[in-house]
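One structure is given below, encoded as structure tokens.
2 protein chains.
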Amino acid sequence: MDDTTAEVPGAADENPVVIVGGDAAGMSAASKLKRERPDREVIVFEKGDWVSYGACGLPYYIKGEVESLDDLVSIPPEKFRSERGIDLRTNHEVIEIDPDDRTVTVEPLGNEDTETFVQPYGELLIATGARAVEPPFSGMDLDGVFTLHEMDAAREIRTYLGLETGDEPDHDAVAIVGGGYVGIEMAEAFAHHGLGVHLFEMLPHVLQPFGSDAAEVVEDHLREQGIRLHLNTGVDGFLPRSAVETDAGDADDGFGNGDAIGAVEAGEDRFPVDLALVGVGVVPNVEIAEKAGIETGPTGAIATDEHGKTNVEGVYAAGDCAEARHVVTGEPDHVPLALTANRAGRAIGSTLAGDATAVGKIAGTAVLKAFDLEVARTGVIDPERARSSGFDPVSVTISAPTRAHYYPGGAELQVTMVADATTNRVLGASMVGEEGAAKRIDTVATALSAGLTVPELEQLDLSYAPPFSPVWDPVLTAAKVLAGKLEPDED
Amino acid sequence: MDDTTAEVPGAADENPVVIVGGDAAGMSAASKLKRERPDREVIVFEKGDWVSYGACGLPYYIKGEVESLDDLVSIPPEKFRSERGIDLRTNHEVIEIDPDDRTVTVEPLGNEDTETFVQPYGELLIATGARAVEPPFSGMDLDGVFTLHEMDAAREIRTYLGLETGDEPDHDAVAIVGGGYVGIEMAEAFAHHGLGVHLFEMLPHVLQPFGSDAAEVVEDHLREQGIRLHLNTGVDGFLPRSAVETDAGDADDGFGNGDAIGAVEAGEDRFPVDLALVGVGVVPNVEIAEKAGIETGPTGAIATDEHGKTNVEGVYAAGDCAEARHVVTGEPDHVPLALTANRAGRAIGSTLAGDATAVGKIAGTAVLKAFDLEVARTGVIDPERARSSGFDPVSVTISAPTRAHYYPGGAELQVTMVADATTNRVLGASMVGEEGAAKRIDTVATALSAGLTVPELEQLDLSYAPPFSPVWDPVLTAAKVLAGKLEPDED
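Protein sequence lines, in the order shown, are assigned to chains A and B.
The first sequence begins at 1 in the numbering used here and counts up by one.
The second sequence begins at 1001 in the numbering used here and counts up by one.
Have a look at this one:
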């Protein structure tokens, strides 16, 4: 059954590479492998309709800046099949992995004529992604309560709001539960349609991974945009319209039944809403892996080595279902983001083609647009997290202009920078402002990968011209101030 | 006379630190030294009126986006004196340095009552800057022929064009000689006022340090903006209006005498113009240093060590008059830019305060706005230059979008990336596009400082969100393609 050699995976195998999951990691691996080794058979089983899609674009589809869900697809399924020679099977769910036999059991969906079958594999890549957390709120099954992790959910939200007719929505208020990326991007999308937006966050601040200094700027901005922010507020559940005694007596407007959401309950308070979006995080889809004896790590995602291999011979994992190594802490971490998935998939494709390639480390670099703000982060910002990884964190927050003081336009950029007091090594940073955060964070991300110290960062020769930066870029200014705190003057 | 100790410069001296030149390097050094050591006496001699000004803003002043020359001043002279305790003397020219006696000879300018005097120093910083090259063109002394390196020249240009009256200029056409930063920024400024612009460049391309791939994009854009580009065209000189037989017979319009420029001569061709701006580079002001036995390096600028010290005991040099060490080649180089001057000045201020601080290396990172384009560069791009430093350069040029394919707006960014085939180390890059070049170049600049290889660059965890980048940032895409060229597939 398994006649691969130790050196080159699959070099002499009779069995195909099987990939479970057809989004970023899976399709990147399939494409890279077929490009390097067109002779290898590659089968991708994807349980849904969609492959290789940009879920990050869903808020912009709901906002209306992206016209069609199809626009979010990078490469259409036909092209993977015809041009890249990948045996891509959508609506096929892998329900079991047998690592001893090197087989997977596959259930075709939505086609009653086709029976469950067993597919042998030479090597297997688990790229099952993650799914939205469904918290144990009452009323999660009411009409008008959504999570946003799937393409189709986005269309349902637009339909529910009446946006598909091209009109402005016939609803008044929505609730977003969770102040993460999705929550904030969706606040912008809903507000764009004239909806009143309640945003609920259990923690003291939105955007927890960005740190409180950046979050406070975002929170002020959200309030300026009319978002009703409920921080430190745990949601208990959702009430049907039939159970809500509204003051305005409009309990039946546009709904016709009592199974639709009418309010959010949070402690003593009730907030009338017509729709709720729950975005409280994602969990990796690891169930079929775990059943097959494939180990998960401390984060709950699938544990992998530097080449994306799991503990089971011949089985790899990549993307939102898998851990990756953090470039600052050196520890396994789970930051399910698009680049990580694409990069790991591509690397595993190379490795399967015989060119052992590291999947790369992560810095947790992220950016989002929050109305008129750019908000970015990289590395380790949270002092507790830094201490638990053995660092002695010191941080500064500065504000600096994004252009020369005399050049028109520009804005203040707030930069928080964190370093280890023992080694002076840069640990992380956040940035927030009306311009210049998104790609400036990459300077710090690069410094993290290279293990630069604050004095080394301070010495970087960064670009300057009046329309684009002050002479001392905000990154350099933050490093200067942080250096002063790391090595206080003796006098 | 000299009772400083070896360990801490000036710790016990009676003599002040003297700084020659009051722009970026000089004032940064003075400010840092006084902050750390308020007890030390610091005298700055500046031969002009202006100190601490942003010469990079002059094109935007001429364009009209910056209202007043005073706006370009970072910190007014009074503030250096009153708040920072610096003995700043404008209109004082240092005409001689005597390193044996540790004195400088100073000539007060524009005040006939004050006589030349001798000032002893404990340590000396030469921060004399650079000046515009005045090529041996005929007619350089005609009215309407300018160089742009001094604040006052910018005001004279506006006055000459009649812009100070608030009207649009009463002239028709101008010539710019030299397709460097200044030439291109000034093309934008002149065109903004409705002037026809001839831009002359001796070499095959504008923006030589950016490489031909980036330059060609800029050249196409300049032509689209109506700039008449004359590449491979050496200018011979300028002719007075009195000598120009214009077809339109308007030789006297608005001028009144024959001493004003009327045409540019280039080989067989004559181009009627009302003004010429000569921007063919700068030369470091090293004359008083050389007379005092202070050595210049291979570039003609003052040779310095890692702390900015010259070959002469107690004498430092920084800014546009001094060399710096290149982070890629390790060789001395002369790239007179604002950040280098500020950083070296500040470091020398620290060193003089007793905290030995490296002036930092340079990568030649630069960016400019060329009408609607951002054009950026860092490191070593020219293959000849790379080879002369012992590298085996390989380069790629790619084009990639600045945003997710489905997100509105965005533009193509062209990235050229160069690496050494022997070590795979990244050597340099250029970028050009309508958005996203200016601060993206800093990612590569950081990689250069850290000595990253192309595979390491390819593994960076850079930021992604649909409004700001595709999943694979253009930097990563360039690195991927370059990696493929460095390690070609065996099959």
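For every residue, glycine included, the Cβ atom is placed at its ideal position computed from N, Cα and C.
Bear in mind that the values here come from a model prediction, so they are computed numbers and not experimental data.
Exercise. Apart from the five residues on each side of it in sequence, which residues of its chain come closer than 8 Å, Cβ to Cβ, to residue 1116 of chain B?
Worked result: Result list for residue 1116 of chain B: 1095, 1105, 1106, 1107, 1108, in chain order.
For this session: Would you kindly report the start and end of the unbroken alpha helix (DSSP H) that includes residue 59 of chain A?
Result: Note, residue 59 of chain A: alpha helix (DSSP H), 58–63.
Exercise. Between residue 1037 of chain B and the rest of its own chain, which residues show a CB-CB distance below 6 Å, the 5 nearest in sequence each way excluded?
Worked result: By the criterion of a C-beta distance shorter than 6 Å, residue 1037 of chain B is surrounded in its chain by 1353, once the five residues flanking it on both sides are discounted.
Exercise. Taking the C-alpha atoms as reference points, what is the distance between residue 483 of chain A and residue 1351 of chain B?
Worked result: Distance between the alpha carbons of residue 483 of chain A and residue 1351 of chain B: 16 Å.
For this session: Would you mind listing the alpha helix (DSSP H) stretches within the segment 1152–1236 of chain B that are 4+ residues and don't spill past its ends, in chain order?
Result: Counting only runs that start and end inside the segment 1152–1236 of chain B, the alpha helix (DSSP H) elements of at least 4 residues fall at 1181–1192, 1212–1224.
Exercise. Should residue 184 of chain A be flagged as near chain B, meaning a C-beta pair shorter than 7 Å?
Worked result: With 7 Å as the cut-off, residue 184 of chain A does not count as an interface residue toward chain B.
Exercise. Contact between the segment 392–406 of chain A and the segment 1044–1063 of chain B: three or more CB pairs below 8 Å?
Worked result: Taking 8 Å as the limit for Cβ pairs, the verdict is that the segment 1044–1063 of chain B does touch the segment 392–406 of chain A.
Exercise. Going straight from the alpha carbon of residue 25 of chain A to that of residue 127 of chain A, what length do you get?
Worked result: Taken atom to atom, the span from the alpha-carbon of residue 25 of chain A to that of residue 127 of chain A is near 6 Å.
Exercise. So residue 1205 of chain B packs on residue 1191 of chain B, CB below 8 Å; how close in whole Å?
Worked result: For a cut-off of 8 Å, the C-beta gap from residue 1205 of chain B to residue 1191 of chain B is around 20 Å, too long to register as a contact.
Exercise. Which runs of the alpha helix (DSSP H), 4 residues or longer, sit entirely within the segment 245–314 of chain A?
Worked result: If we require 4 residues or more, the alpha helix (DSSP H) runs fully inside the segment 245–314 of chain A come out as 287–291.
Exercise. By the criterion of Cβ-Cβ separation under 9 Å, what are the contact partners of residue 30 of chain A in chain B?
Worked result: Simply none; closest approach about 16 Å.
Exercise. Around the C-beta of residue 1471 of chain B, are 16 or more other C-beta atoms found within 10 angstroms, so that it is buried, or is it exposed?
Worked result: Result: buried.
Exercise. What first and last residue would you give for the beta strand (DSSP E) that runs through residue 1413 of chain B?
Worked result: 1412–1420 is the extent of the beta strand (DSSP E) around residue 1413 of chain B.
Problem set entry | Status (buried if at least 16 other CB within 10 Å, exposed otherwise) for residue 1052 of chain B | Per the 10 Å Cβ criterion, buried.
For this session: Go ahead and pull the three-state DSSP assignment for residue 396 of chain A.
Result: The DSSP-derived three-state label of residue 396 of chain A is strand.
For this session: Find the nearest neighbour of residue 299 of chain A within the set A:324, A:466, A:71, judged by alpha-carbon distance.
Result: The residue among A:324, A:466, A:71 with its C-alpha nearest the C-alpha of residue 299 of chain A is A:324.
Problem set entry | Beta-carbon gap between residue 1390 of chain B and residue 1279 of chain B smaller than 7 Å | When the beta-carbon positions are compared, residue 1390 of chain B and residue 1279 of chain B stay at least 7 Å from each other.
For this session: Measuring only between beta-carbons, confirm whether residue 1388 of chain B sits less than 7 Å from chain A.
Result: With its beta carbon at least 7 Å from every one in chain A, residue 1388 of chain B lies outside the interface.
Problem set entry | Pick from B:1427, B:1135, B:1015, B:1399 that is closest to residue 1217 of chain B, judged by C-alpha positions | With distances taken between Cα atoms, residue 1217 of chain B lies closest to B:1399.
For this session: Could you round the C-beta distance between residue 47 of chain A and residue 91 of chain A to whole angstroms and report it? I think they count as a contact, below 8 Å.
Result: The beta-carbon separation of residue 47 of chain A and residue 91 of chain A, rounded to 7 Å, stays under the 8 Å limit for a contact.
Exercise. Looking only at C-alpha atoms, which of B:1456, B:1465, B:1367 sits nearest to residue 1478 of chain B?
Worked result: Taking each of B:1456, B:1465, B:1367 in turn and checking the Cα distance to residue 1478 of chain B, the smallest one comes out for B:1456.
Problem set entry | Min CB distance residue 1053 of chain B to chain A below 7 Å | Output row for residue 1053 of chain B: interface = no.
Exercise. How would you label residue 226 of chain A, buried or exposed, when you count the other beta carbons within 10 angstroms and need 16 or more for buried?
Worked result: With fewer than 16 Cβ atoms within 10 Å of its Cβ, residue 226 of chain A is classed as exposed.
For this session: Examine the Cβ distances between the segment 1334–1343 of chain B and the segment 1304–1312 of chain B and report whether three or more of them are shorter than 8 Å.
Result: The segment 1334–1343 of chain B makes no contact with the segment 1304–1312 of chain B, as fewer than three CB pairs between them are under 8 Å.
Exercise. Does DSSP put residue 47 of chain A in a helix, in a strand, or in coil?
Worked result: In the three-state scheme derived from DSSP, where H, G and I count as helix and E and B as strand, residue 47 of chain A is classed as coil.
Exercise. Expressed to the nearest angstrom, what Euclidean distance is found between the alpha-carbon atoms of residue 1359 of chain B and residue 1344 of chain B?
Worked result: In a straight line, the C-alpha of residue 1359 of chain B is about 4 Å away from that of residue 1344 of chain B.
For this session: Could you check the C-alpha separation between residue 466 of chain A and residue 1410 of chain B for me, to the nearest Å?
Result: It is roughly 22 Å from the alpha-carbon of residue 466 of chain A to the alpha-carbon of residue 1410 of chain B.
Problem set entry | Beta-carbon proximity check, residue 1428 of chain B vs residue 1380 of chain B, cutoff 7 Å | Cβ distance < 7 Å, so residue 1428 of chain B and residue 1380 of chain B count as in contact.
For this session: Would you list, in chain order, the members of the segment 1080–1104 of chain B that have their beta-carbon closer than 7 Å to a beta-carbon of chain A?
Result: Sequence-ordered contacts of the segment 1080–1104 of chain B with chain A are nonexistent [C-beta pairs closer than 7 Å].
Problem set entry | chain B contacts made by the segment 416–438 of chain A, where a contact means CB separation under 8 Å | Hits within the stretch, in order: 436, 438.
For this session: Using a Cβ-Cβ cut-off of less than 8 Å, give me the residues of the segment 1335–1353 of chain B that come near chain A, in sequence order.
Result: Going along the segment 1335–1353 of chain B in chain order, one finds 1337, 1338, 1339, 1340, 1342, 1343 with a Cβ nearer than 8 Å to chain A.
Problem set entry | residue 5 of chain A (DSSP reduced to helix, strand or coil) | Confidence at residue 5 of chain A is low in this model, with a pLDDT of 37, below 50, so its placement is unreliable and no value can be given for it.
For this session: Report yes or no: is there a C-beta of chain A within less than 7 Å of the C-beta of residue 1465 of chain B?
Result: Yes, contact with chain A.
Exercise. What are the partner residues of residue 107 of chain A, as DSSP defines its beta bridges?
Worked result: Answer is A:93.
Exercise. Beta-carbon of residue 72 of chain A versus every beta-carbon of chain B: anything under 7 Å?
Worked result: The C-beta of residue 72 of chain A comes closer than 7 Å to at least one C-beta of chain B.
Problem set entry | Inter-residue Cα distance where the pair is residue 1102 of chain B and residue 1125 of chain B | Cα-Cα distance, rounded: 12 Å.
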